[in-house]
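Read through the structure below, which is laid out as structure tokens, and then see the notes.
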Amino acid sequence: MDIIKNSLKKLFLAYPSLILALSGVCLWIFVYLIYWVLPLNQARWVWFFVVAVLIYNGILLGNFVKTLAVKGYTDALTGLPNKGFMYLRLNIDIEKYTRRQKDYSLAMIDIDRFKKINDTYGHLAGDKVIKEVADIIKHSVRASDSVIRWGGEEFAVLLPETSEEGAASLVDRIRTVIESHDFGPAVESHKVTISAGVVSFKNLQEVRQREKHLTNPTDLIVNFSDRALYQAKQTRNTVCCFNHGIIA
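This is the structure in structure tokens:
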């Protein structure tokens, strides 16, 4: 049964447009035959069957499309949402929280000297470090926060209703946990540290007038959190706020 399911799934993924078009043609022929061949009292029951099949197919197709959409916005290695999801979420959140005049912060996190880990212990060990860092971050934030795999060794944390200082304090606690975490024999218990840049959208209102090339609020908060991260990377194992510089 599983072999048939997998074969049908592969077939649908390979020729989705053709299969849906042929299904439509077959349905039209079937309806035509019902109308001209069967007596009305029999045709009624066949129609019930057709409607039931259409409903069932609609549910299957809906679930399939949902699965594809979720996979499209999910990072395969960590299971976290990816950069595409982050931009989608940021666009919605920033508009909502700006309208409500509430704080909204973004933290960008980067694993320090990650290339050295890959070069020394191999890419599988590097992947293990990324997954464990992702788990630490994920279990350190609230249910309302979103942890994103930005790409490579970088992560982002979306923190609604959180001030820049509150976000920096949270990320600094995460930094301390990662610094003291034993990543195991795969990296010979190599000490792993992170650097982070934190910015609150409220604190960016003044610079919006100056940075006129960043017309999109999402681009603005991403750009300045990236700048804060760049500053933190100059010393490493630090958290840097847009407003207050390095805090740890």
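Per my numbering, the sequence shown starts with residue -19, numbered consecutively.
In this text, a Cβ means the ideal position worked out from N, Cα and C, and glycines have one as well.
It should be emphasised that the depicted structure is a prediction, and the values quoted were computed from it without experimental measurement.
Distance, Cα to Cα, residue 95 vs residue 36? Start at 1 with the first residue of the sequence shown, and residue 95 comes out as number 115. Start at 1 with the first residue of the sequence shown, and residue 36 comes out as number 56. Distance between the alpha carbons of residue 95 and residue 36 is about 50 Å.
Taking DSSP as the reference, what is the three-state secondary structure of residue 29? Position 49 of the sequence shown holds residue 29. The DSSP-derived three-state label of residue 29 is helix.
Assuming residue 314 is part of the beta strand (DSSP E), what are its boundary residues? Since the displayed the chain opens at -19 and closes at 228, residue 314 lies outside it and no answer follows.
I need the DSSP call for residue 78, collapsed to helix, strand or coil. Start at 1 with the first residue of the sequence shown, and residue 78 comes out as number 98. Helix, per DSSP.
Distance, residue 224 Cα to residue 161 Cα: Taking the first residue of the sequence shown as position 1, residue 161 is located at position 181. Taking the first residue of the sequence shown as position 1, residue 224 is located at position 244. Approximately 28 Å between the Cα atoms of the pair.
Straight-line gap, residue 145 to residue 221 (C-alpha atoms, nearest Å): As a working mapping, residue 145 is identified with position 165 in the sequence shown. As a working mapping, residue 221 is identified with position 241 in the sequence shown. When rounded, the distance between both Cα atoms is 8 Å.
Integer Cβ distance of residue 208 from residue 139, believed to fall under 8 Å: Here residue 208 refers to the residue found at position 228 of the sequence shown. Here residue 139 refers to the residue found at position 159 of the sequence shown. In fact, because the Cβ distance is near 14 Å, the residues do not count as touching under 8 Å.
Note down, in chain order, each residue of its chain lying with its Cβ closer than 8 Å to the Cβ of residue 64, except the 5 sequence neighbours on either side. Taking the first residue of the sequence shown as 1, we reach residue 64 at position 84. Sequence-distant Cβ neighbours of residue 64 in its own chain, meaning closer than 8 Å and more than five residues away, are 52 and 53.
Could you say which of 147, 199, 171 and 164 lies nearest to residue 180 if we only look at CA atoms? Looking up residue 180 in the sequence shown gives position 200. Checked all of 147, 199, 171 and 164; the closest Cα to residue 180 is 147.
Considering just the uninterrupted stretch of the beta strand (DSSP E) at residue 222, what are its terminal residues? The sequence position of residue 222 within the sequence shown is 242, counting from 1. DSSP places residue 222 in no beta strand (DSSP E); its state is neither H nor E.
Which ranges does the beta strand (DSSP E) cover as unbroken runs of at least 3 residues, wholly within the segment 120 to 183, from first to last along the chain? 126 to 131, 134 to 140 and 174 to 180, all fully within the segment 120 to 183.
Examine the Cβ distances between the segment 68 to 81 and the segment 19 to 38 and report whether three or more of them are shorter than 8 Å. Too few Cβ pairs lie closer than 8 Å, so no.
Closest to residue 153 by CA distance: which of 172, 121, -12 and 47 is it? In the sequence shown, residue 153 corresponds to position 173, counting from 1. That would be 121, whose Cα lies nearest to the Cα of residue 153.
Integer-rounded CB distance, given that residue 109 should sit under 8 Å from residue 97: Within the sequence shown, the letter at position 117 stands for residue 97. Within the sequence shown, the letter at position 129 stands for residue 109. Yes, they are in contact, since the Cβ atoms of residue 97 and residue 109 sit about 6 Å apart, within 8 Å.
Beta-carbon proximity list for residue 228, same chain, < 6 Å, skipping 5 on both sides: Reading the sequence shown from its first residue, position 248 is the one you call residue 228. At residue 228 the pLDDT is 45, less than 50, meaning the model places this residue with poor confidence; the figure from the coordinates comes in the next sentence. Within its own chain, the residues whose Cβ lies closer than 6 Å to the Cβ of residue 228, once the five positions on either side in sequence are excluded, are 152, 218 and 219, listed in chain order.
Nearest chain D C-beta to residue 3 closer than 8 Å, yes or no? Among the chains of the structure shown, chain D does not appear; only one protein chain is present.
Can you check the segment 79 to 116 for any alpha helix (DSSP H) of at least 4 residues that lies completely inside it and give the ranges in chain order? Listed in chain order, the complete alpha helix (DSSP H) runs (minimum 4 residues) inside the segment 79 to 116 are 94 to 101.
Residue range of the unbroken alpha helix (DSSP H) whose run includes residue 15: Within the sequence shown, residue 15 is the residue found at index 35, counting from 1. Looking at the DSSP string, the run of the alpha helix (DSSP H) that includes residue 15 is -4 to 17.
I think residue 73 touches residue 142, with their Cβ atoms under 8 Å apart; what is that distance to the nearest whole Å? Counting from one through the sequence shown, the residue named residue 73 turns up at place 93. Counting from one through the sequence shown, the residue named residue 142 turns up at place 162. Contact between residue 73 and residue 142 does not hold, since the beta-carbon distance rounds to 12 Å and is not under 8 Å.
Considering only the beta carbon of each residue, do residue 206 and residue 177 sit closer than 8 Å? For the purposes of this step, residue 206 is identified with residue 226 of the sequence shown, where counting begins at 1. For the purposes of this step, residue 177 is identified with residue 197 of the sequence shown, where counting begins at 1. At the C-beta level, residue 206 and residue 177 come within 8 Å of one another.
I'd like to check one pair, residue 213 with residue 115: are the Cβ atoms closer than 8 Å? Counting from 1 along the sequence shown, the entry for residue 115 is found at position 135. Counting from 1 along the sequence shown, the entry for residue 213 is found at position 233. Cβ distance not < 8 Å, so residue 115 and residue 213 don't count as in contact.
Quick check on residue 8: buried or exposed, where buried means 16 or more other Cβ atoms within 10 Å of its Cβ? Translated into the one-based positions of the sequence shown, residue 8 becomes position 28. With fewer than 16 other Cβ atoms within 10 Å, it is exposed.
For residue -2 and residue 55, what's the separation of their Cα atoms in angstroms? Here the question's residue -2 lines up with position 18 in the sequence shown. Here the question's residue 55 lines up with position 75 in the sequence shown. Their Cα atoms are separated by approximately 30 Å.
According to the neighbour-count rule (16 or more other Cβ atoms, all chains shown, within 10 Å of its Cβ), is residue -18 buried or exposed? The residue given as residue -18 occupies position 2 in the sequence shown. Its Cβ having fewer than 16 others within 10 Å, residue -18 is exposed.
Quick check: what's the CA-CA separation for residue 201 versus residue 85? The residue you call residue 201 lines up with position 221 of the sequence shown. The residue you call residue 85 lines up with position 105 of the sequence shown. Each residue's Cα considered, the two are about 8 Å apart.
Euclidean distance between Cα positions of residue 15 and residue 197: Translated into positions along the sequence shown, residue 15 becomes position 35. Translated into positions along the sequence shown, residue 197 becomes position 217. Computed Cα separation, rounded: 57 Å.
Bridge partners for residue 54 per DSSP, in chain order? As a working note, residue 54 is residue 74 in the sequence shown. Paired residue(s): 61.
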